[in-house]
Amino acid sequence: MASLHAPSPSPRTLRIEVMPLDCGGAAVVVELDVAPERAWLKAFKRALSDAEGLELATAKFDGRFVYILGVEAGKGGTAHRVGHVLAAAGQRGRPAPSAMPVPVPVAADAAMAIGA
Numbered sequence: 224m225a226s227l228h229a230p231s232p233s234p235r236t237l238r239i240e241v242m243p244l245d246c247g248g249a250a251v252v253v254e255l256d257v258a259p260e261r262a263w264l265k266a267f268k269r270a271l272s273d274a275e276g277l278e279l280a281t282a283k284f285d286g287r288f289v290y291i292l293g294v295e296a297g298k299g300g301t302a303h304r305v306g307h308v309l310a311a312a313g314q315r316g317r318p319a320p321s322a323m324p325v326p327v328p329v330a331a332d333a334a335m336a337i338g339a
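In my numbering, the protein residues as written are 224 to 339.
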């Protein structure tokens, strides 16, 4: 049976790596299963700027990879916070429920066609 909804524009996260930098701070690399769509990229940037402890970080995108730079050193739970940003981007990147197509059952189409 075919799905009633369009596929989600949100890519799945394959891995998150946090690496300390010699100059201080940390960098985060996120690998996604597919290259994200533009709406998801914009949603990710908004979610990143809203995330506590990641407000000053910047994101660079290269196909399936997201590079987050400017993460403060010494703040624990960086991967966890980035995971929350990824989840928020997935929610923001989805079309609004009113914008999603609503399937009409075949029986209703037939009843309307015969005037029942």
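Where is the CB? At the ideal position from N, CA and C, for every residue including glycine.
Item: If you draw a straight line from the C-alpha of C246 to the C-alpha of E240, how long is it?; Value: 18 Å
Item: Is G313 closer than 9 Å to A266 when the C-beta atoms are compared?; Value: yes
Item: Would the beta-carbon of A258 fall within 9 Å of that of G286?; Value: yes
Item: Alpha carbon to alpha carbon, how far is S233 from K268? Give it in angstroms, no decimals.; Value: 14 Å
Item: Would you mind sorting R304 into buried or exposed? The rule is 16 or more other CB atoms within 10 Å of its CB.; Value: buried
Item: Note down, in chain order, each residue of its chain lying with its Cβ closer than 7 Å to the Cβ of E278, except the 5 sequence neighbours on either side.; Value: S272
Item: Quick one: is R304 near chain B, going by C-beta distance under 9 Å?; Value: Considering every chain present, this structure includes no chain B. It has just one protein chain.
Item: Closer than 7 Å by C-beta to L244: which residues in its own chain qualify, once you throw out the five before and the five after it? Chain order, please.; Value: A250
Item: Report the residue ranges of all beta strand (DSSP E) runs contained in full by the stretch 237-304; include only those spanning at least 3 residues, in chain order.; Value: 249-255, 281-285 and 288-294
Item: Kindly indicate which residue of R238, L264 and E260 has the alpha-carbon position closest to the one of V252.; Value: R238
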